[in-house]
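Engineer:
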Amino acid sequence: MFPSSAELFASDLQLKNVNKDKYLVKASEASLSKTVDALQAKKVKVTIVDTAPEALKVLTAEGGAIPSGATVSNGGSTTLHQIGWTSHLQNVKNADRHFHNMGEEIFAEKDMLKQTELRRKGLAADVFVSGVDAITEDGDILAVDATGTRVGGWLACKTLVLVTSTHKIVPTYADAVKRVEEYSVPVESARVRVAYKLPASSANNWLALRGANPFAPFARVHVIFIKDEVLGF
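Each residue of the sequence shown is one higher than the one before, counting from 1 in the UniProt record's numbering.
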């Protein structure tokens, strides 16, 4: 279950002291341009689109971000849910698309031990699709999760495709950490109270991509920025 931030702020009193006005603001053109330059200097491929449907098209169209025949997996993400990626994976079968969604076989497997093994293999898919928690103007990319299902895929996959709105851009790495602690974790905690009936989430696993792999012959990371919509947390 992936309610929007607006729905969570309207329904969860524990968010009353969270400064959403600080963290739900689209980046300026200057900030976005600086961030793109920094990412590209670190061998990160960048695509900029205006809307969620355009971002979904980059993911699903042949010749887009996902090569034909690639195995694909993803971590849970409100942004991915909001652009329609989750619905696409649920409603379109592997026989009818150009890539292989590993989730199709994962959710078809009812033996939990076997399903866990398939999930582990999914982290090392050809393409892992994910949201982010913050991106800095210096080109640092930050991911945080509670169980490892997001950060595990970031390092194990062949190609990492990240989808984000520009409101997650912050000036520095210190600001990125602050964004996680002041905003992302409280709002994600509100989501898990709805989705899983747990009291809160926790930032158990932190991963920062802060530089290019000097041995990588290609741009392993691809960031898709959505300019005109504030999606995710």
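Just so it is clear, CB atoms sit at the ideal spot from N, CA and C, and this is done for glycine as well.
Using 8 Å for Cβ pairs, my map puts Val-144 next to Ala-203. What's the rounded Cβ distance?
Structural biologist: One-based indexing of the sequence shown puts residue 144 at position 144. One-based indexing of the sequence shown puts residue 203 at position 203. That belief holds up - the Cβ atoms of Val-144 and Ala-203 are roughly 5 Å apart, short of 8 Å.
Engineer: Taking a contact to mean a Cβ-Cβ separation below 8 Å, would you say Ala-134 touches Arg-179 in this structure?
Structural biologist: Counted from its first residue, the sequence shown places residue 134 at position 134. Counted from its first residue, the sequence shown places residue 179 at position 179. Yes, these two residues count as a Cβ contact at 8 Å.
Engineer: Which runs of the alpha helix (DSSP H) fall wholly inside the segment 113–179 and span at least 4 residues, in chain order?
Structural biologist: Complete alpha helix (DSSP H) runs here, min 4: 151–156 and 173–179.
Engineer: Given a threshold of 16 other Cβ atoms within 10 Å of its Cβ, counted over all protein chains shown, does Gly-63 qualify as buried or as exposed?
Structural biologist: Taking the sequence shown and counting its residues from 1, one reaches residue 63 at position 63. Exposed: under 16 other Cβ atoms inside 10 Å.
Engineer: If you count every other CB in all the chains shown that lies within 10 Å of the CB of Val-44, and 16 or more means buried, which is it?
Structural biologist: Position 44 of the sequence shown holds residue 44. Its Cβ being crowded by 16 or more others within 10 Å, Val-44 is buried.
Engineer: Can you grab the Cα-Cα spacing for the pair Ala-70 / Gly-84, in whole Å?
Structural biologist: In the sequence shown, counting from the first residue as 1, residue 70 sits at position 70. In the sequence shown, counting from the first residue as 1, residue 84 sits at position 84. Approximately 20 Å between the Cα atoms of the pair.
Engineer: For Arg-210 and Ile-141, what's the separation of their Cα atoms in angstroms?
Structural biologist: Position 210 of the sequence shown, counted from the first residue, corresponds to residue 210. Position 141 of the sequence shown, counted from the first residue, corresponds to residue 141. C-alpha separation (whole angstroms): 7 Å.
Engineer: Determine the contact status of Lys-93 and Glu-109, defining contact as a CB-CB distance below 8 Å.
Structural biologist: Translated into positions along the sequence shown, residue 93 becomes position 93. Translated into positions along the sequence shown, residue 109 becomes position 109. Result no, Cβ atoms of Lys-93 and Glu-109 do not sit closer than 8 Å.
Engineer: Thinking C-beta only, is Ile-226 closer than 8 Å to Val-46?
Structural biologist: Taking the sequence shown and counting its residues from 1, the one referred to as residue 46 is at position 46. Taking the sequence shown and counting its residues from 1, the one referred to as residue 226 is at position 226. Not closer than 8 Å, so no.
Engineer: Label Phe-218 either buried or exposed according to how many other C-beta atoms from any shown protein chain fall within 10 Å of its C-beta, with 16 as the threshold for buried.
Structural biologist: To locate residue 218, count along the sequence shown from 1; it is residue 218. The residue in question, Phe-218, is exposed, as its Cβ has fewer than 16 Cβ neighbours within 10 Å.
Engineer: Thr-86: which of Ala-95, Arg-97 and Asn-74 sits nearest, CA to CA?
Structural biologist: What you label residue 86 is simply residue 86 of the sequence shown in a count that begins at 1. Of the candidates Ala-95, Arg-97 and Asn-74, the one whose C-alpha sits nearest the C-alpha of Thr-86 is Asn-74.
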